[in-house]
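Reviewing the structure listed below.
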Amino acid sequence: MFPPRQRGGRRGRGGRGEQGGRGGRGRQLPKTPDHRPEETPEEQQSRADYSSWKRLIKSIPQSNDNRTIERLWNGALTILNGDDRNWKQMLPRDLDDDEYHGRAHVLVLLGMKPHDHGHSTFVALARPFLLVITHQALLDCLSVDTAVGGLYNFISGSNGTRAIPFFQRLSSCIERSLEPTASGLTATLETTLIAMLRALLELLRREQRATFHGDLPDLIDSIERLGGGIDAQSIGSHILHNTVAELRGVVDRATGRVRQNEEPQVDGVSTTFVTSTYPRESVIPQHRHDNDKADITKIRILPTEDEIRSDHAVFLPSTDREQPHFLLDQVQRHLDTHFRLLRHDVIGEMSQVIRGIMVALETDPTFVQDPKLNSGNTRADVHVQSHISDVSFDRRRGLEAEISFLQPASVRHKSLSAKQRWWKETKSLEEGILIVFLSVHEAKSSLLFFTVSQKYLEPSEEFGLSCPGHLASITAKLATQNQNDLEKLVQLSCSRTTGILVEFPDVLPATFVPILEGLQDMQRLSRLPFRQWILPDRVATADSRSVVFDVPPPLYARAPGFTFSLQPILKNAGDVFFIDPRSLTDDVNTVNELEKRTNLDHGQCQALVAALTREFAFIQGPPGTGKSYLGVQLMRVLLGCKRKAKLGPVIVVCYTNHALDQFLEHLIEVGIQKLIRIGGQSKSVILQGKNLRVVSKSESKTKTENYAVAMAIKDQERQERSINSILITLHILPRGRDWASLREYLSRVHPRIYRQFDRVDEAEFNLVGGHPFDKWVRAMNEEQSDDVSTRSIAHLLAQAAENLYSVSALNRRRLVTYWMKSIWDENSNRLFEEVKVADKAQKQTSNTYDEVDRRILETADVIGVTTSGLAKRISVLRHVTSKIVICEEAGEVMEPHMLSALFPGVEHFIQIGDHQQLRPRINNFNLSLESQQGLPYQLDRSQFERLSIGERGRPAFPTAQLNVQRRMRPQISSLISSLYPHLLDHDSTKVLPDVLGMRKNVFWLNHDHFEEGTRPDLQQKSHSNLWEVDMTHALVRHIVRQGIYSSTDIAVLTPYTGQLQKLRAKMQSDFKIVLSEGDQETLMKEGFHSEEASPETDQTDRQLNTGARPLEKKKMSELLRIATVDNFQGEEAKVVIVSLVRSNKERKVGFLKTTNRINVLLSRAQHGMYLIGNTDTYSRIPMWAQVHDLLQKADSGAASLRAIVEPIAAIVAQQDAIPNVCIKSFHAHSHVSGFTRHASTVARNRPAVRIVVHAL
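Every letter in the sequence shown is one number past the one before it in our numbering, and letter 1185, counting from 1, is 1429.
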């Protein structure tokens, strides 16, 4: 097994593909060119400037050499303001390099103590220094972050003892520099003050111990007083106010921790307050297990073993701000609440599954061999007979383990190619998902978390998922990097301990860990942009709705003279029209003029003005009202002022890949080409060349970056050899207690003992029959002596040093065991430290490639990313200079994810969505609004919904609503009028064509055929109704037969995946079925496969098709969309057929009891919609009852379909072309279908007819 075997293609050694799928950009050492390319005059000047500056830091600084200080920091500022990236990156590295005197120059400035008349001079010298250390070229450049961190560490000094006094002196000098008659700060002093604030905040972010400095609160107070001299309406005043608020939050948290000894507290929170405020039954985090912390910044993201075993209730705070919470600060409370709820949503159920298996293993360890073992949870898959078969280190991929396990029963006896196909289709053990290895030793179970790092599908004799025999293997990385887990991993590998592998297909750490870590970081810094809008205060008035927020324009739009030009969206290209950001959003004249001169309707014009003139803006778009169209026009206006306002790229966040692709394609259609899409899940051909992975291949690294990567790779190669050598040592150590294993250790640690074993030469011990150590050890196997003393190891070592042979047999055994353990511990410690060093080098390399990506993103006009992609690349996006974020599908985004999109530097945040359509999807039903138990938490309530509706005692946030729909004919839109009383139908919807072949365009076919219930082999209920399957199939075939609508114009919707599978199985002989990616994944997770058809459906097909020739497949082989409701939001179709499924005595409606889902279901159709379901079951839900009443009044609901026989002269249809299911099924159910005789009898009486199915 060791040394680690070469895996060639399986590991995909060669390129950057191992790092987040970034293609093949180099992991090779950079090639040294034969000659340096000729430099331009500008490049020559940049080189000369840098050389001149570098000579300064090579010289030893002199005290009070103001001229050198001025030249040094002004020169650095000039370099950072320049265009040469290479010198920008060299600067922080050289400043932090011990070879030069950069730190000494920093120390000279930090230690300056200005004399009575030198205040202005001190400020003038400090200003460029502050502008340098807060320059975006330093703070945003990921490839130099280590060097910048080193600089801030030096500037800080121990606990801020160097930086805080410097800032205090500077603050005092700024105050003394003010002219007695001046009304406020000069521009220079204002710039210096804001730079000092930014430097202080960055310092506290990087050096957290500086928050404990006792003078920090006074320093912030003095800065705030100085800020009073800045114009209150200016941008500078806004920056100062927000930064001071963040600094105070940081200090408050630090102060709370310091006061722990003054009164009973838990992590700095007063238990006195908690006791007096909370009801007795409430749970407070207070060290009930090792991960039970009141401070979320101390909570480990993945659950600990102690946490999983704990019987204590999880502390879950309510999102209702009127309920008590142990944190008084509203920002900290908000972040704490959403951190805990999101974390519990991800790991709560998972922890229960793991705990159950751990208990089972401790009860009966033979469970590890039981192939029938089941987790009892559909979100977890169990693989038994597992073991760690290999541990190895590769410089590109890091430390990895190969985990073997018993193939699932359904694939165990398949051929290699069949295994490969099965594993590919199941989506099981996909890269990035969380897996847990559980083992038991001496009746105590333990666990290790991993993430799958490679799913090898190619048939192989040695490893992967398509191996001969009954075993399979997966490659994984430790999910938690700590020494205990690393030691446990190596021990399990050496002992080949058998355990259980549990996978959680829905749990991908890359999609939630960065979000939770981001919330921790925001909590640590008390940072919440737009806090006054996200967390509105209570109002004194009894009617909170009467209070109207006065939301100011975005910060960039407050610059004097700034206006938004609407020229990009005007009908006439030569026209000019401007909007003053300070104008009222409901200015009638502005809106009316805008409506005349653009293609926007009145509601869209109002929404556009609101979005432009509010720094935090909401736009609600009911179904079919053109949310995306408005978003495109808004983008065109914003990009029109991008250069003037220095906006940087606009970041667009969508919940789904489909919505993101559509939006970006619309941007391309209107001429916006400089856009980049992040993420590899795009299905758009148009966007292939816009993907970050593709675009970044054309971006070269700087010389500094090439050198850094080269050095990092060399370090990684050394670490690779060292780590694998240690792994070999650890692997062979338990095999025997021989001299070879102990020789080096004893010679180094116990030389006196070593010399007693090594007194003979090679020739002598061959003569006497062996090495002295072997003779000495043989005594351990002899009969034990009477010596049963428990003398300490230290005493035994001293005795052995004097005379080895005086040690008894029992104590010899104790000594050898101690030596072997010491060697193991030494190598384990070495392994951990070496892995840490290797990880650091790998991080440096990754940062360099991330910096290349960041530079590419900086050049874009638009960056598109999904919420999951945002989580994965959030570390890069946070360093992109972007002032605007637009979130589409905002009603579907969980608030923790929305909070994570509040990047530093964002000044304009726009949400477009509809909270009355689908809510965010969560894992734990007991945290949702639909659950009585979840009402205190409401994790599936988006920020958009929370604020647009308003909270108790707090005003609702102003939301612009689009009010003209262009999708549905009025008969359909009327069904959702109770949700949108002000929604208008565009004139175009009133002339939509009737659905040919159907008497009614909207109809509810009522029936009383009960649902089939659940599949016995599934653990989660997946409801289905075969009668509705047949009717839906017949209706689709019939409508397609009319020749007007192709199957691509039709969509079949249903709430349940069980019904979705049966519909797919029924129709796939006539149509090529198209499922959304979400539905495909859900079907796989619930055990349905593409080739699978339910027995009931197969039987129905045989019964219905007996004795009749089926339709020719080529006539029906078009694409047909079948979808669940939850995966069809944002979609539309000319004709929608809905199978409602539920039909039972208990009148249980299930999924479709919420108005959000009902709304989505009823608003997808353009020309016609046909509901098939039991009205008695659904009418207990108020909205369904209202829909049924409306259809009844329009004579569009009944319990029958009637076949109408019409003579057709021009079109002759033979009986064998009639949908057979219509004839047979309608005849079989003649008591509800209105048939009085068999359709074939009618056909015989009328030789040239077409049988058409009409709705009453």
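In this text, a Cβ means the ideal position worked out from N, Cα and C, and glycines have one as well.
Helix, strand or coil for residue 699, going by three-state DSSP, please let me know. coil
On a CA-only basis, which of 864, 1411 and 689 is nearest residue 1234? Give me that one, please. 1411
If you check the beta carbons only, do residue 898 and residue 1132 fall under 8 Å apart? yes
Rounded to the nearest angstrom, how far is the Cβ of residue 907 from that of residue 774, given a contact under 8 Å? About 23 Å separates the two Cβ atoms, so there is no contact after all.
So what does DSSP say about residue 1458, is it helix, strand or coil? Per-residue confidence for residue 1458 stands at a pLDDT of 34, beneath the threshold of 50, marking its modelled position as unreliable; the derived number appears in the next sentence. Residue 1458 falls in the coil class under three-state DSSP.
Determine the burial state of residue 944: buried for a count of at least 16 other Cβ atoms within 10 Å of its Cβ, exposed for fewer. exposed
Which value, in whole angstroms, describes the spacing of the CA atoms of residue 314 and residue 372? 8 Å
Report back the beta-carbon spacing between residue 437 and residue 467 to the nearest angstrom; my notes put them in contact at under 8 Å. 7 Å
Residue 1323 in three-state terms, based on DSSP: helix
Residue 1104 in three-state terms, based on DSSP: coil
Cα separation between residue 1054 and residue 989? 22 Å
I want to know whether the region 603 to 623 touches the region 1181 to 1199 - three or more CB-CB distances under 8 Å. no
Beta-carbon separation of residue 1400 and residue 1162 under 8 Å? yes
For residue 1246, does the three-state DSSP call read helix, strand or coil? strand
Taking Cβ positions, are residue 1188 and residue 1152 nearer each other than 8 Å? no
Name the residue from 562, 1308, 683 and 534 whose alpha carbon lies nearest to the alpha carbon of residue 613. 683
Among 1300, 404 and 1239, which one has its Cα closest to the Cα of residue 1283? 1239
Does the distance from the C-beta atom of residue 1408 to that of residue 1297 stay below 8 Å? yes
Element boundaries [alpha helix (DSSP H), containing residue 563]: Segment: none, residue 563 is in no alpha helix (DSSP H) and carries neither H nor E.
For residue 1210, which residues from the same chain have a beta carbon less than 7 Å from its beta carbon, with the 5 sequence-adjacent residues on both sides left out? 868, 870, 1230, 1232 and 1233
By a C-beta neighbour count over all protein chains shown, 10 Å radius and 16 as the cutoff for buried, is residue 1503 buried or exposed? Limits of the chain in this structure are 245 at one end and 1500 at the other, which puts residue 1503 out of reach.
Can you give the beta carbon distance from residue 1274 to residue 1377, rounded, assuming they're within the 8 Å contact cut? No, residue 1274 and residue 1377 are not in contact; Cβ-Cβ is about 21 Å, not under 8 Å.
Smallest Cα separation from residue 712: which of 650, 636, 1040 and 720? 650
Beta-carbon spacing of residue 981, residue 938 below 8 Å: no
Please confirm whether residue 582 and residue 556 have their CB atoms less than 8 Å apart. no
Looking at residue 800 and residue 1127, is the spacing between their C-beta atoms short of 8 Å? yes
Report the rounded CA-to-CA distance for residue 805 versus residue 772, giving the unit in angstroms. 29 Å
Which whole-angstrom value describes the C-beta separation of residue 464 and residue 492, a residue pair presumed to lie in contact below a C-beta threshold of 8 Å? 6 Å
Quick one: any contact between the region 625 to 634 and the region 1068 to 1076, if contact means 3 or more CB pairs under 8 Å? no
Please specify which runs of the beta strand (DSSP E), each continuous and at least 3 residues long, are wholly inside the region 560 to 644, giving them in chain order. 625 to 638
Counting C-beta neighbours from all protein chains within 10 Å, is the total for residue 590 16 or more, i.e. buried, or is it exposed? buried
Measure the C-alpha to C-alpha separation of residue 668 and residue 797 and round it to an integer number of angstroms. 51 Å
Below 7 Å CB to CB, which residues in the same chain sit around residue 447 once its five sequence neighbours on both sides are set aside? 396, 399, 400, 407 and 454
Go to residue 1024, then tell me how far its alpha helix (DSSP H) extends in each direction, as first and last residue. No alpha helix (DSSP H) holds residue 1024; DSSP gives it neither H nor E.
Measuring alpha carbon to alpha carbon, tell me which residue in 728, 814, 571 and 403 is nearest residue 877. 814
Can you check the region 1367 to 1413 for any alpha helix (DSSP H) of at least 4 residues that lies completely inside it and give the ranges in chain order? 1399 to 1406
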